[in-house]
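Have a look at the structure below before the remarks.
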Amino acid sequence: LRTLLRKMAAEELKKEQERKAEQRKKIIAERIGAPKPVDNCNEAALMAICKEYHDRLIQLESSKYDIEYLVRQKDYEINELTIQVNDLRGKFVKPALKKVSKFDKLK
C-alpha cells in the first residue's frame with residue numbers, strides 16, 4: 003500500500019512538474035514572440051526589424067525601471083513602518099556590532 007501511494011505521489015509530482023514546465027515554455031514563447039526572418043531581407047527590412055526590437059527593448063527597460071522604483075518605495079515604507087512599530091513598543095532594534103580583532107586595537 004505504501005509503495006502504491008509513493009508511486010502515485012511520484013507520478014503526481016512528475017505531472018505537476020511537466021505542467022509547470024509546459025506553462026513556463028508557453029509564457030516565454032508568448033512574451034518573446036516568433037523570431038523575425040532575417041536571412042532573405044534587404045537593408046530596409048532589417049532596419050525595420052532592428053527598430054522593432056529596439057522599441058521593444060526601450061519599453062521593457064522603462065517598465066523595469068518603474069518596477070524597481072516601486073520596489074524601492076515599498077522597501078522605504080516597510081522600513082518606516084518597522085521604525086514606527088519599534089517606537090510604539092518602546093523597544094529599539096539594537097544594531098549589529100562589528101567584531102574587532104584585538105590586534106587592530108593595539109595599532
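In this note's numbering, each residue's number is its place in the sequence shown (first place is 1) plus 2. Using N, Cα and C, we set each Cβ at its ideal position, and we do this for glycine too.
Helix, strand or coil for residue i? Go by DSSP, reduced to three states.
i: D41; result: coil
i: L72; result: helix
i: K100; result: coil
i: E83; result: In the sequence on display, residue 83 carries Leu and not Glu. The answer is helix: DSSP assigns L83 an H, G or I state.
i: A36; result: coil
i: L3; result: coil
What is the C-beta distance between residue i and residue j, in whole angstroms, given that I count them as a contact (C-beta under 8 Å)?
i: I51; j: V40; result: 6 Å
If we cut at 8 Å on Cβ distances, does residue i have a partner in chain B?
i: R21; result: The chain labelled as chain B is not found in the depicted structure, where only one protein chain is given.
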